[in-house]
Structures are given as structure tokens and as C-alpha cells.
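Line by line, the protein sequences are chains R and L.
If you're matching positions, the first sequence starts at 295 in this note's numbering and goes up one per residue.
If you're matching positions, the second sequence starts at 3 in this note's numbering and goes up one per residue.
Just so you know, even glycine gets a beta-carbon here, dropped at the ideal spot from N, CA and C.
Everything numeric in this text was worked out from a predicted model, so none of it was measured.
Just below is one structure, and these are the notes that go with it.
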Amino acid sequence: MNQLIVRQLIVDERNQLFDAQGMRFAEFPSDFSRVREFTALVLADCPEQFKEGNLLEQQLSEIIKNGIKHGNHNDPRKKLRVWYDLRKRARFIVEDEGRGFDVLDDWNEFYRKRQTALFEEDFDAFLALASYRGPDSDEEDGGNSLIAALEYWNGGTIFNDRKNKIGVVRWFAHGSS
Amino acid sequence: MEWKICPRGQDGFEVVALEGDCDLYSAPAFAKAMLSRIAEAPRRIRFDLSLVEYLDSTGVGAIIRILQEARRRGCELRFAGLGGSPRKVLKMSNILALMQEEGPA
């Protein structure tokens, strides 16, 4: 039996996911052509069991892409900062220098409608809602990265108050030391 | 990513076989080519993704645009060879339910 599952992007500046103590750090220029290269650098020492094929790479790459493209608008003067911790779980904080994801509430509402259409098996409505279009979207964006992110990051997907910093964590059944 | 279009088989489907990473760099060109192909004439297309090992949200977005256009134009699409993380990404994006999926030939 299908269940209606509606998750939400949450703003919580004081969330423990923003505690960067003991985390490793890297800073990258906003170069869209190097998104996957930056992701590979962050994951260079990642335990194999966290990679799940290339799923972790793909999910981290989405966050880095969003920061560079939508946050920093590919402005090479703006930096993307990544804190990461790959002990026991995969945890990341990613901060850009943009004005923040200020359509977060609109996105949550879009996602609620999309999930409702899916639950009601209204595939025409679902297909019409399949892609989110915000003020900064182009035809290649679909808002799909955040939909998958809400499921993939099973320990949370949290924004800071300014919404230019995201904290995520994925726990694994068999952690690493 | 590269793709190859094979002529229609006995079942009336032409096959588009993809190979490589369907990602933020390659997916836009793929979407453009497929949208223009669908716009030319009603078609039946089978996408073979068995050689695609990486699919990101831009790739998912490309598939959504192709599905939307196919529905508008009355095209029939099928997807074969989906596995590994590309299938997981489509499932997590809740798009898999819209795709007519086929097992290995």
C-alpha cells in the first residue's frame, strides 16, 4: 500500500549538523566545469563502504553544483567552502557566498504537491509538477537534486538562517572507524 | 556520454543506446537531441541505459523533459538496462514510477 511521504527542507541555524569541530576543510573557486573534480578531491580518502557505487559522489556533487551555480552564480571571485567528516558516517557542511536559497518555502510547497499527485496516482499532474522552476532555475534544473537529497541524507538536510549553508549527514548500517 | 540510434526493430521501436556518464555536462545536449527527435514525428523509442553508470539530477531533469515531450507528442518510450546507482537516483527522485521499464533483452 502506498504511503504519502512528504519531507521538508528545514532551517535551523543551531542544528548540530553545523558544528564543524574536528571536520576537515576545503575551499574551491566557483568553477562549474570542475564540480565533479572538486567532489572527487573531497572524497579522495572516503571509505569504500560509504561510496555505494557512485551514489555518495553523485549526491555530494549535487550540493557542490548548487552552491557554485545557484549560490555563487559561477562567479570565480566567490568561494565554495566544504567541511567534511568521513568517520563513522558521511557528514558535510557546504557554504557558498550567495544570497541564500530564499525560495525554500516555495520549494517545500512544490514538493508537497508533487508527492500528493504521486500518492493519488495522478501521473499527468505529477509529470506537470516533475520539475521545480524557481527564479534562478534554467531548463536544465529540475529541483530533483533536493528531492533525492531528502531521501539520501538520512540523518538530515538542514539550512542555516541565511540559507547559503547546508548541513547533511548519511548514516550507514555498517559504519567505518 | 555518447549515444547511438539504431533503426527500428520488428516491434517498431528504435533503440537509443547511451554510454558513459549522464551528468551535468552531457545531459543537456542529450536532452536537446532527443527533444528535437521526438518533435520530428511520433515515435516509439527504447532507451538502453545498460552502459550508463552515473546519473545525476541534470540527467534526471533530461529524462523528465523527454517524458513530458513524449506525452505531449504521443510518443511511446521504454527504458531498458537500468541498474546500479542510476536506478537508485531515479527511484529517490520519484521518477521511476513514470518510466516504462524493461528488463534485459
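Which residues DSSP lists as bridging residue i, in chain order
{"i": "residue 50 (chain L)", "result": "L:19 and L:82"}
{"i": "residue 465 (chain R)", "result": "R:383"}
{"i": "residue 319 (chain R)", "result": "R:377"}
{"i": "residue 354 (chain R)", "result": "Paired residues: none, contrary to the question."}
{"i": "residue 453 (chain R)", "result": "R:305 and R:460"}
{"i": "residue 24 (chain L)", "result": "L:57"}
{"i": "residue 6 (chain L)", "result": "L:19"}
{"i": "residue 346 (chain R)", "result": "Answer is none; residue 346 (chain R) lacks a bridge partner."}
{"i": "residue 388 (chain R)", "result": "R:376 and R:460"}
Cβ-based neighbour list, residue i, same chain, cut-off 7 Å, excluding 5 preceding and 5 following
{"i": "residue 448 (chain R)", "result": "464 and 465"}
{"i": "residue 72 (chain L)", "result": "40 and 79"}
{"i": "residue 320 (chain R)", "result": "335, 336 and 376"}
Supposed close pair residue i, residue j - CB separation, criterion 8 Å
{"i": "residue 58 (chain L)", "j": "residue 352 (chain R)", "result": "5 Å"}
{"i": "residue 25 (chain L)", "j": "residue 56 (chain L)", "result": "6 Å"}
{"i": "residue 421 (chain R)", "j": "residue 301 (chain R)", "result": "Incorrect: roughly 21 Å between the Cβ atoms, too far for contact."}
{"i": "residue 332 (chain R)", "j": "residue 358 (chain R)", "result": "6 Å"}
{"i": "residue 100 (chain L)", "j": "residue 344 (chain R)", "result": "Rounded, the Cβ-Cβ distance is 30 Å, inconsistent with contact."}
Residues near residue i by beta carbon distance below 8 Å, same chain, minus five either side
{"i": "residue 392 (chain R)", "result": "361, 364, 365, 366, 367, 372 and 458"}
{"i": "residue 314 (chain R)", "result": "377 and 387"}
{"i": "residue 317 (chain R)", "result": "377, 378, 379, 385 and 387"}
{"i": "residue 312 (chain R)", "result": "387, 452, 454, 459 and 461"}
{"i": "residue 401 (chain R)", "result": "303, 395, 426, 428, 437 and 440"}
{"i": "residue 349 (chain R)", "result": "446"}
{"i": "residue 398 (chain R)", "result": "303, 305, 453 and 457"}
Contact set for residue i: own chain, Cβ-Cβ below 6 Å, skip 5 residues either direction
{"i": "residue 471 (chain R)", "result": "Reliability of the predicted coordinates at residue 471 (chain R) is poor, the pLDDT of 44 falling under 50, and no value is obtained from them."}
{"i": "residue 190 (chain L)", "result": "Only positions 3 to 107 of chain L appear in the structure, and residue 190 (chain L) is not among them; the question remains open."}
Neighbour flag for residue i against chain A, beta carbons, 8 Å
{"i": "residue 104 (chain L)", "result": "Chain labels in this structure do not include chain A; the protein chains are R and L."}
contact_flag[the segment 77-85 of chain L, the segment 450-463 of chain R] where n(CB pairs < 8 Å) is 3 or more:
no
What residues from the segment 369-388 of chain R come within 9 Å of chain L, judged by C-beta to C-beta, listed N to C?
none
Below 8 Å, how does it come out for the segment 18-37 of chain L and the segment 61-69 of chain L: are there three or more Cβ pairs, yes or no?
yes
Below 8 Å between beta carbons is the criterion; list the residues of the segment 88-99 of chain L that meet it against any residue of chain R, in chain order.
90, 91, 94, 95, 96, 97 and 99
Stretch-stretch touch, CB-based, cutoff 8 Å, three pairs: the segment 335-350 of chain R with the segment 375-394 of chain R:
yes
Is the segment 297-307 of chain R touching the segment 449-456 of chain R, taking contact as three or more C-beta pairs under 8 Å?
At 8 Å Cβ cutoff, the stretches touch.
Taking beta-carbon pairs under 9 Å, can you tell me which members of the segment 400-424 of chain R lie near chain L?
408, 409, 412, 415, 417, 418, 420, 421, 422 and 424
Taking a cut of 7 Å between CB atoms, which residues from the segment 59-79 of chain L lie near chain R?
59, 60, 62, 63, 66, 69, 70 and 73
Which residues, taken in chain order from the segment 7-36 of chain L, show a beta carbon closer than 9 Å to some beta carbon of chain R?
23, 25, 26, 27, 29, 30 and 33
Short-range partners of chain L found in the segment 316-328 of chain R, where Cβ spacing is below 9 Å
326 and 327
Quick one: which residues of the segment 335-359 of chain R get their C-beta closer than 9 Å to a C-beta of chain L? List them in chain order.
Contacts with chain L (Cβ-Cβ distance below 9 Å) from the segment 335-359 of chain R involve 346, 347, 348, 349, 351, 352, 353, 355, 356 and 359, listed in chain order.
Name the residues in the segment 438-459 of chain R whose C-beta lies less than 8 Å from a C-beta of chain L; which are they?
438, 439, 441, 442, 445 and 446
Anything in the segment 299-312 of chain R with a Cβ closer than 8 Å to a Cβ of chain L? List those residues in chain order, please.
none
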